[in-house]
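For reference, the structure is listed below as structure tokens.
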Amino acid sequence: MRKLLKWGVSALRVAACRISNGGRLKVAPGRPLYLGKGARIRVSEGASCEIGSGVYLSRGCLLQVNGGARLSVASGVFFNESVRVVAQERVEIGEGTLFGPNACVYDHDHVFDADGVHGDLKSAPTSIGERCWIGANALVTRGASVAGRICVGGGSVVTRSLEDPGIYAGSPARKVK
Numbered sequence: 051m052r053k054l055l056k057w058g059v060s061a062l063r064v065a066a067c068r069i070s071n072g073g074r075l076k077v078a079p080g081r082p083l084y085l086g087k088g089a090r091i092r093v094s095e096g097a098s099c100e101i102g103s104g105v106y107l108s109r110g111c112l113l114q115v116n117g118g119a120r121l122s123v124a125s126g127v128f129f130n131e132s133v134r135v136v137a138q139e140r141v142e143i144g145e146g147t148l149f150g151p152n153a154c155v156y157d158h159d160h161v162f163d164a165d166g167v168h169g170d171l172k173s174a175p176t177s178i179g180e181r182c183w184i185g186a187n188a189l190v191t192r193g194a195s196v197a198g199r200i201c202v203g204g205g206s207v208v209t210r211s212l213e214d215p216g217i218y219a220g221s222p223a224r225k226v227k
């Protein structure tokens, strides 16, 4: 009964989310999308978000797609509590990928030069392959590409492309096994 109530409340959250985002949010048929308490999907005017079947967003997650950007989340992706994914240009997440709590994926950052921080943003497409595990508090930054079947350790910072399957850790992330 409790599980039925949990998924029923999630269905209401998904319906409200679809209405608030208009036609900019597309959810694949099949296994339902789960939205935990406080989980949000924001898709700006001119942006698009495609979510595969069986995607699970735990409590406090945020998927944000800003004007003109594209976010693609394949089937079976699991977002643990308070995960943040923000797309300014393009973010792609492969099938069966898992995110630990507080992991973040950003395809942009602020311009910083001799004059300091500016309001301008630099962006580059960012992707995470299939069946990856992005550990707790890990960060995937602008322009990084994580190939399939890679584990990124907790607290790691991915600043470049990771090509070979294995375990990566540190700041910046490097292969450890």
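Numbering-wise, the sequence shown is residues 51 to 227 according to the working numbering.
A virtual CB, placed ideally from N, CA and C, is assigned to each residue, including glycine.
Note that the structure is a prediction, hence the values are computed from the model and not measured.
By the DSSP assignment, the beta strand (DSSP E) with residue i in it spans what residues?
i: L112; result: L112 to V115
i: T191; result: It is not in any beta strand (DSSP E) - T191 carries neither H nor E in the DSSP assignment.
i: S177; result: T176 to I178
i: G216; result: G216 to A219
i: R92; result: R90 to V93
i: V77; result: L75 to V77
i: V202; result: I200 to V202
Are the Cβ atoms of residue i and residue j separated by less than 8 Å?
i: A137; j: D165; result: no
i: A188; j: S206; result: yes
i: R109; j: G88; result: yes
i: A66; j: I101; result: no
Leaving aside the five residues before and after residue i along the sequence, list all residues of the same chain whose C-beta is less than 6 Å from its C-beta, in chain order.
i: G193; result: A174
i: Y84; result: S60 and Y106
i: G203; result: G185 and A219
i: Q114; result: R92 and V136
i: S195; result: S177 and S211
i: E142; result: S122 and S177
i: V127; result: V105, I143 and T147
i: R134; result: L112 and C154
DSSP state of residue i, grouped into three classes?
i: S98; result: strand
i: S211; result: coil
i: S23; result: The question about residue 23 has no answer, for the chain in this structure spans 51 to 227.
i: R224; result: strand
i: K87; result: coil
What residues in its chain sit with their C-beta under 8 Å from that of residue i, if we drop five residues either side in the sequence?
i: G198; result: G144, G179, E180, R181, C182 and P215
i: P82; result: W57, S60, A61, V64, S103 and G104
i: N116; result: S94, A97, V136, A137 and Q138
i: L171; result: Q138, H158, D159, H160 and V161
i: V208; result: A188, L189, V190, T191, A194, V196, V202, Y218, P222 and A223
i: N71; result: I91, R92, V93 and C99
Within a Cβ cutoff of 7 Å, which residues of the same chain sit near residue i, ignoring the five residues on either side of it in sequence?
i: R74; result: V93, A97, S98 and C99
i: R140; result: A119, R120, D157 and P175
i: S132; result: G110, C111, P151 and N152
i: R90; result: L112
Considering only residues of the stretch 121-170, which uninterrupted beta strand (DSSP E) runs meet the minimum length of 3 residues and lie entirely inside it, listed in chain order?
Taking only runs of at least 3 residues, the beta strand (DSSP E) segments lying wholly in the stretch 121-170 are 134-137, 140-143, 154-156 and 158-163.
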